[in-house]
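*Asks:* Start counting the sequence shown at -13; every next residue gets the next number (our numbering).
Even glycine gets a Cβ: it sits at the ideal position worked out from N, Cα and C.
Have a look at this one.
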Amino acid sequence: MSRSRVYQWCTWFGEGRTSLGDEPKSGRPKTSTNEENTTRVDELIRCDRRMKIREIALKLEIPKRTVHEIVHDTLGYRKVSARWVPKMLTEDHKLQRVEISQRLLQRCQQDNGDEDTTHIGVGPGGDVQANNNLFDNLITGDETWVHLNTPETKRDSMTWKHPSSPVTKKFKVQRSAAKVMATVFWDAKGVILLDILPQGPCINAARYCSTLDRLKEAIRRKRPGLLRRGVVLQHDNATPHSANLTQQWLQRYGWKILPHPAHSPDLAPSDFHLFGPLKRHLGGMAFETKDDLISELKNWFHNLDVDFFRVGINSLLSRWQKCIDLHGDYVEKL
């Protein structure tokens, strides 16, 4: 620093200055980022939500940097992709989802000591029946296809990269045609039955009832006393699950059905909690035979901690409440 500059700073400090930083300067006045341009940008975006920054800049004849500042900093816009949902829900679907969620939450409050006597366990014929403790007696299940070769997702293949690291490549891989249908029944303590259907035969009511016979025997061995207390089964509204033959089987053994709204995988624990981690675990694996795949499935389910299953069942409470808060719309990840 020059001698004169030192004298200048000493004079400033003597006059009471305490900051070592530069004083704010007015700079060149902004002529593009003004209220008029902000309003025009907002109108263009509201007319076409897919318009690009470059297109807005050309249309308004202002710099792209200014448009970017207006869009992101002033107006607070951010560009996102549309959220995938299983089905476009109608108002009737949403109303059904809200009503069923309210009934289920009401039953859980009763289990905690509420004096209200409204019941939610529904028999095969649609009659309302009582249940002592919902989650203690609840068994949920569903089917999913499992391939011998499941490609790893792009997200799961992400790696840390240094600026000097070489660019990684990921080749497109198709799922194998060979696959098996896995039917999994589980509760808050773990998997009760894993039933494998080879590729070819389809699941119909007779096949599903046969699976329920094996489930009943598995419950007798792994959950003593549950058959006596009464099973509450949660499954979706697929044709084999709602067929008359299946309803007769459930009525014969006195199993209750947990109400489940149509088109609602976000309210089915197998869909939102179990099958996703399973497919991610199998991502990138290739099996020579179906026996090797089945062995890996059994090992994965066996190694899961009991907390994993308890969290999946207990998360139904927050999902039912979230469904009500969203007025029946689909529930995203919690």
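Quick check on the DSSP output: the beta strand (DSSP E) that includes I125 runs from which residue to which?
*Replies:* 124 to 133
*Asks:* Which word fits C188, buried or exposed, when buried means at least 16 other C-beta atoms lie within 10 angstroms of its C-beta?
*Replies:* exposed
*Asks:* Determine the DSSP secondary structure at A322, reduced to helix, strand or coil.
*Replies:* Residue 322 cannot be examined here, being either before or after the span of the chain that is shown, -13 to 320.
*Asks:* So N135 and A224 are supposed to be a Cβ contact under 8 Å. How far apart are they, rounded?
*Replies:* Not a contact, Cβ separation roughly 26 Å.
*Asks:* For G180, list the residues DSSP reports as bridge partners.
*Replies:* For the record, residue 180 in the displayed sequence is Leu; it is not Gly. L180 pairs with V170.
*Asks:* Alpha carbon to alpha carbon, what distance is there between Q(-6) and G2?
*Replies:* 13 Å
*Asks:* On the criterion of 16 or more Cβ atoms from any shown chain inside 10 Å, does Y316 qualify as buried, or is it exposed?
*Replies:* buried
*Asks:* Can you tell me which of H148, L253, T76 puts its alpha carbon nearest to the alpha carbon of K319?
*Replies:* Out of H148, L253, T76, the CA that lies nearest to the CA of K319 is found in L253.
*Asks:* Going by DSSP in three states, K73 sits in which element: helix, strand or coil?
*Replies:* coil
*Asks:* Using the beta-carbon count (16 or more within 10 Å), is V(-8) buried or exposed?
*Replies:* exposed
*Asks:* Spell out the partners DSSP gives I299 in its beta bridges.
*Replies:* Partner(s): none; I299 has no beta bridge.
*Asks:* How should G314 be labelled, buried or exposed, when 16 other C-beta atoms within 10 angstroms of its C-beta is the threshold for buried?
*Replies:* G314 counts as buried, since at least 16 other C-beta atoms from the protein chains shown sit within 10 angstroms of its C-beta.
*Asks:* State the Cα-Cα distance for the pair T169 and D34, rounded to the nearest angstrom.
*Replies:* 46 Å
*Asks:* Quick one: measure Cβ to Cβ for D181 and I299, integer angstroms, because I've assumed they're closer than 8 Å.
*Replies:* Not confirmed; about 20 Å, so no contact.
*Asks:* Helix, strand or coil, according to DSSP, for I42 in the structure here?
*Replies:* In the structure shown, the three-state DSSP call for I42 is helix.
*Asks:* Here's the rule: buried if 16 or more other CB atoms are within 10 angstroms of the residue's CB, otherwise exposed. What is S304?
*Replies:* exposed
*Asks:* Along the chain, which unbroken stretches of the alpha helix (DSSP H) at least 4 residues long are found entirely within the stretch 189 to 230?
*Replies:* 191 to 208, 212 to 215, 225 to 228
*Asks:* I'd like the span of the alpha helix (DSSP H) that includes S(-10), first residue to last.
*Replies:* -11 to 0
*Asks:* Are the beta-carbon atoms belonging to V53 and A43 less than 8 Å from one another?
*Replies:* yes
*Asks:* Helix, strand or coil for I48? Go by DSSP, reduced to three states.
*Replies:* In the displayed model, I48 falls within coil according to three-state DSSP, outside both helix and strand.
*Asks:* Does the stretch 286 to 300 come close enough to the stretch 147 to 165 to have 3 or more Cβ pairs within less than 8 Å?
*Replies:* At 8 Å Cβ cutoff, the stretches do not touch.
*Asks:* Going by DSSP, what residues sit across from K156 in a beta bridge?
*Replies:* DSSP output for K156 lists no bridge partner at all.
*Asks:* Would Y194 be called buried (16 or more neighbouring beta carbons within 10 Å of its own) or exposed?
*Replies:* buried
*Asks:* Which residues mark the beginning and the end of the alpha helix (DSSP H) in which T339 is found?
*Replies:* Missing from the structure shown is residue 339; the chain here goes from -13 to 320 and no further.
*Asks:* Inspect the CB distances between the stretch 22 to 32 and the stretch 205 to 216 and report whether three or more fall short of 8 Å.
*Replies:* no
*Asks:* Distance, Cα to Cα, Q92 vs G176?
*Replies:* 26 Å
*Asks:* Figure out for me which residue from H133, D8, V71 has the closest Cα to the Cα of E274.
*Replies:* H133
*Asks:* From V218, D78, H259, I125, pick the residue whose C-alpha is nearest to that of K242; which is it?
*Replies:* V218
*Asks:* So what's N118 in DSSP terms, helix, strand or just coil?
*Replies:* With a pLDDT of 41 at N118, under the threshold of 50, the predicted position of this residue should be treated as unreliable, though the coordinate-derived value follows. DSSP places N118 in coil when its eight states are reduced to three.
*Asks:* Buried or exposed, going by whether 16 or more other CB atoms sit within 10 Å of the CB of W(-2)?
*Replies:* That one is exposed.
*Asks:* Counting C-beta neighbours from all protein chains within 10 Å, is the total for T197 16 or more, i.e. buried, or is it exposed?
*Replies:* Buried: at least 16 other Cβ atoms inside 10 Å.
*Asks:* Leaving out five residues before and five after L183 in sequence, what residues of the same chain have Cβ atoms less than 6 Å from its Cβ?
*Replies:* M167
*Asks:* State buried or exposed for C309, treating a residue as buried only when at least 16 other CB atoms are found within 10 Å of its CB.
*Replies:* buried
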